[in-house]
Amino acid sequence: MCERFSVAYSTHYISQLLKNMGFSYQKAKFVADHKDAEKRKEWLQHTWPEIIKMAEEKNAYILFGDEASFPQWGSLTYTWAKRGKQPVVKTSGKRRGYKVFGLIDYFSGRFFCKGHEKGRLNSESYAAFLTEVLSKTRKHIILIQDGARYHTSKAMQRFFDEKANRLTVFDLPSYSPDYNPIEKLRAVRTKIS
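Residues 2 to 194 in the working numbering are what the sequence shown lists, from first letter to last.
What follows is the structure, encoded as structure tokens:
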């Protein structure tokens, strides 16, 4: 740098210099490059206003849904330790995870969730979760979900048809987690047990 720009900086000052220039040390994030800009635009300009209007007319919840899986074996990251003494964390060695269904209401932030401990998430467990949510509410539910296979399966289509008097379903555009507020959820409020 000194030869090219006639400026000499200490390596210890570089981070301060970058900070002074408005930079911060950050971890990059992945963004899907499969997004369909036209479908996303259509959803925002036409589908979303239709959903809001329907919710007002029916005095309905707008519930955004998603699932999460929490590994029970934990995760490791870098830490400080004496040279040559690698830290060791004891674990059960079982590669199990705890899965959770969740729905959050767009207007109030009311949160519904249910853990799923055995097996994979599937249409049957999803329908059981939605049935429980319907039993805990009186309002019509407008469900907004992603395109997970078990959300859009034939079994779920039959379930949605059977519950059409209480449940209206909209699918988010593919690769659009940024349109789903439950993706930003940090704390659990109301739990269905």
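All C-beta atoms in this analysis are idealised placements derived from N, C-alpha and C, irrespective of residue type, glycine included.
Because the structure is a prediction, the values reported are computed rather than measured.
State yes or no: is the C-beta of residue i within less than 8 Å of the C-beta of residue j?
{"i": "GLY148", "j": "LEU104", "result": "no"}
{"i": "VAL170", "j": "LEU135", "result": "no"}
{"i": "PHE160", "j": "PHE130", "result": "no"}
{"i": "SER126", "j": "HIS117", "result": "yes"}
{"i": "HIS141", "j": "LYS59", "result": "yes"}
{"i": "HIS35", "j": "SER154", "result": "no"}
{"i": "LEU19", "j": "TYR10", "result": "no"}
{"i": "ARG133", "j": "LYS119", "result": "Per the sequence presented here, residue 133 reads as Glu, with Arg not at that position. Cβ distance not < 8 Å, so GLU133 and LYS119 don't count as in contact."}
{"i": "LEU45", "j": "ASP106", "result": "no"}
{"i": "THR80", "j": "PRO72", "result": "no"}
{"i": "LEU122", "j": "GLU43", "result": "no"}
Under DSSP, the alpha helix (DSSP H) around residue i begins and ends at which residues?
{"i": "HIS13", "result": "12-21"}
{"i": "TRP49", "result": "49-59"}
{"i": "GLU39", "result": "38-43"}
What are the boundary residues of the beta strand (DSSP E) that includes residue i?
{"i": "ASP106", "result": "98-106"}
{"i": "PHE71", "result": "62-72"}
Taking buried to mean at least 16 other C-beta atoms within 10 Å of its own C-beta, is residue i buried or exposed?
{"i": "LEU173", "result": "buried"}
{"i": "TYR99", "result": "exposed"}
{"i": "HIS152", "result": "buried"}
{"i": "ASP37", "result": "exposed"}
{"i": "LEU168", "result": "buried"}
{"i": "CYS3", "result": "exposed"}
{"i": "GLN158", "result": "exposed"}
{"i": "TYR62", "result": "buried"}
{"i": "GLN146", "result": "buried"}
{"i": "PHE113", "result": "buried"}
{"i": "SER177", "result": "buried"}
{"i": "ILE183", "result": "buried"}
Which class does residue i belong to by DSSP, given the choice of helix, strand or coil?
{"i": "ARG5", "result": "helix"}
{"i": "LYS83", "result": "coil"}
{"i": "LYS185", "result": "helix"}
{"i": "GLN46", "result": "helix"}
Say whether chain B places a C-beta atom closer than 8 Å to the C-beta of residue i.
{"i": "PHE160", "result": "Protein chains in the displayed structure number just one, and chain B is not present."}
Problem - Segments of 3+ residues assigned as beta strand (DSSP E) that fall wholly inside the stretch 92-179 - result: 98-106, 112-117, 142-146, 168-172
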